[in-house]
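Notes follow once the structure below has been shown.
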Amino acid sequence: MAVLVIITSSCAKELDLVPESGVSPDQINAGNINFFLNGLYRRSMPERDNYVLQDVRGGNYTWTALSGSNSAYGVLITGDNVDDRLSFSASLWTHAYRNIYNANVIIEAVDRLGGAGNLQKVKAEACYLRAYLYYQLVTNFGGVPLILTNTTENIPRNPAAEVWNQILIDIDFAIANADPFQTTGIKKISVEAAQAFKSRVLLALDRKEEAATLAASTISALESRAIDANYGRIFRNTDASSEVIFAFSNLVTESNIRMSSLFWPYGTEWAGSYFVQPSTYAINELYQVNDVRRNVNIQDVPSADGVLTIVSKYWDVQPMVISRLSELYLICAEGFGMANGLQYLNELRQARGLAPRAAADFQTAGSYLDEVLQERRRELYSEGFLFYDLVRTDKAIDLPNVRTRAHYLLPLPGAQVNLSENVLEQNDSY
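Numbering (the working numbering), first residue to last: 8 to 437.
Shown next, in the form of C-alpha cells:
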C-alpha cells in the first residue's frame with residue numbers, strides 16, 4: 008500500500024505533492040495541530056460520485072445518453088462487467104486510506120503531546136473522521152486492512168467484524184471527548200454528531216434497539232433542533248436549516264465539490280455533466296401526491312435538448328450533509344419496531360406533507376419494515392444510503408444488478424492487490 012503524503016493547507020491553492028509536504032507526528036505541536044485538523048476535515052469530505060454511490064447501485068438512478076451504459080455509472084446500474092478496474096473502487100480506497108493515514112498522524116501527535124486540555128478534543132474529531140472513513144470501506148468492501156499506526160508494510164485484510172469494532176471504539180472516544188453541539192455547531196464534530204453516527208453504525212450491525220435508544224436520546228439532547236419543514240433548505244441553505252447535525256463545510260475556496268454538476272444538464276441554471284438521471288421507479292412510484300420531497304429531489308427542467316427529468320436536490324457548491332435529525336427519526340422508527348417506532352415515522356411523514364399511518368395498515372413486522380425502508384428511500388434520496396439499506400436487510404439480492412450476495416461488496420481495486428504483492432485477497436466473484 009503506497010504511502011501517501013498528508014496535505015494540510017487550508018489555503019485555496021493546494022500545495023505541490025512533493026516530499027517536503029509530508030508531515031510526521033513530531034512536527035506537530037499544540038500550537039499548530041488545529042491547522043492539520045482543518046486539513047483532515049477538508050480532505051475527508053466524500054468525493055462527488057462516492058457520496059451518492061449507494062444511490063447509483065440501489066436503483067435511484069439510471070444512466071443518461073451522455074454517460075451511457077458502458078460508463079462506470081452504467082456498469083454499476085446494470086451490474087454488467089464490474090471488475091477490479093472499477094473507478095469507484097479505486098477512488099473510494101485511495102480517498103479513505105489517504106485520510107486514515109492523515110488521521111493517524113494527528114492521533115499519534117496528540118498521544119505524543121500528552122493529550123492534555125483541548126488536545127483530547129482534537130483527537131476526538133480525528134477519531135470520528137477515521138471511523139467515518141472506515142465505515143465507507145467496510146460497507147463497500149467488507150474486511151479491509153485495519154491500520155491504526157502508519158506503516159509501509161503490506162497489510163492483509165482484517166475481518167469485517169474487527170473493522171466494525173474499531174469504528175465503535177473511535178466513535179465512543181469521540182462521544183466521550185468532543186465538545187457539545189451547542190459549542191461546535193454543524194461544521195465540527197460534536198458529541199451529538201458522534202452519537203448520531205454511532206446510531207447509524209449500530210443499525211448496520213443489526214443492534215436495532217440500541218440504535219433507536221441512542222437516536223432517541225440524541226434527539227432529546229438536541230432540543231434546539233427540529234425536523235425542517237422546508238425540505239429543500241436542508242441542502243440548499245444548510246446553515247439556516249433546523250435539522251442538520253454535521254456537514255462538511257465544502258468551501259468554494261477549498262474543496263469546491265459541486266454535487267449538482269453530476270445531475271444538471273449543460274445550459275441549465277446549475278449547469279453540469281448530466282451523467283445520471285432519476286430511475287423510472289423514482290420518477291413514477293417513489294413519491295406520493297403531496298409529498299414535498301418530490302419536487303425538491305426530482306424536477307423537469309428545460310434544456311438545449313428539450314425538457315429533461317433530473318435529480319434536482321443540489322444547487323451549486325453547498326455543505327455536504329452527513330448527519331441530520333430526520334435520519335435519527337427513521338432509526339427510531341425502525342429500531343423500536345411498530346409499537347414504539349410508528350410515532351417517529353408519522354412525525355416525519357407529517358412534516359413532509361403526508362398523512363400518518365396507523366398500526367392497522369401493517370399486517371406483519373415485515374410489512375412495517377418495508378414501509379420504513381421506503382420512507383428512508385424517500386427522505387434520504389441522493390444522500391448515499393439506499394444500497395446499503397438493502398444489503399443490511401438482505402433485500403439487495405432482489406435488485407436486477409445483483410447476481411449473488413457476493414456482489415453486495417465491490418471488488419478491491421486491482422492495482423492495490425498488485426501493489427500489495429497479493430497480500431490483499433480479492434473479494435469473491437471478482
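Think of the CB as a built atom: it goes at the ideal place given N, C-alpha and C, for glycine as much as any other residue.
{"Item": "Can Val-198 and Ile-182 be called in contact, C-beta distance under 7 Å?", "Value": "yes"}
{"Item": "From Ser-28 to Arg-105, what distance separates their C-alpha atoms?", "Value": "For Ser-28, the pLDDT reaches just 45, beneath the cut-off of 50, and the residue's location in the model is therefore unreliable, although a value from the coordinates is still provided. Each residue's alpha carbon lies about 14 Å from the other."}
{"Item": "Got a sec, what are the start and stop residues for the alpha helix (DSSP H) Arg-331 sits in?", "Value": "From DSSP, Arg-331 is part of no alpha helix (DSSP H) but of the beta strand (DSSP E) over 327-331."}
{"Item": "Should Gln-357 go down as buried or exposed, given a rule of 16 or more other Cβ atoms within 10 Å for buried?", "Value": "exposed"}
{"Item": "Measure the alpha-carbon distance for Leu-393 versus Glu-334 and round it to whole angstroms.", "Value": "13 Å"}
{"Item": "Excluding the five sequence neighbours on either side, which residues of its own chain have a C-beta within less than 7 Å of the C-beta of Arg-265, listed in chain order?", "Value": "Asp-323, Val-324"}
{"Item": "Given a cut-off of 7 Å on the beta-carbon distance, is the pair Ile-338 and Ala-233 in contact?", "Value": "no"}
{"Item": "Assign Phe-42 to buried or exposed, taking buried as 16 or more other Cβ atoms, counted over all protein chains shown, within 10 Å of its Cβ.", "Value": "exposed"}
{"Item": "Among Tyr-273, Ile-193, Ile-290, which one has its Cα closest to the Cα of Asn-244?", "Value": "Ile-193"}
{"Item": "Less than 7 Å between the beta carbons of Gly-65 and Leu-397, yes or no?", "Value": "yes"}
{"Item": "What does DSSP give as the partner residues of Thr-316 in its beta bridges?", "Value": "Asp-307"}
{"Item": "Taking the alpha-carbon positions, what's the Asn-237 to Thr-101 distance?", "Value": "36 Å"}
{"Item": "Is DSSP giving Leu-11 helix, strand or coil here?", "Value": "Unreliable positioning characterises Leu-11 in this predicted model, as indicated by a pLDDT of 38, which lies under 50. A coordinate reading is not provided."}
{"Item": "Any idea if Gly-440 is buried or exposed, counting beta-carbon neighbours within 10 angstroms, 16 or more meaning buried?", "Value": "Past the edges of the chain, shown from 8 to 437, lies residue 440, and the structure says nothing about it."}
{"Item": "Can you tell me whether Ser-28 is helix, strand or coil according to DSSP?", "Value": "No answer about Ser-28 holds up, because its pLDDT of 45 lies below 50 and its placement is not dependable."}
{"Item": "Compare the C-alpha of Tyr-288 against each of Asn-88, Ile-226, Ile-305 and name the closest.", "Value": "Ile-305"}
{"Item": "Please give me, in chain order, every unbroken run of the alpha helix (DSSP H) with length at least 4 that falls completely inside the stretch 100-187.", "Value": "126-148, 167-184"}
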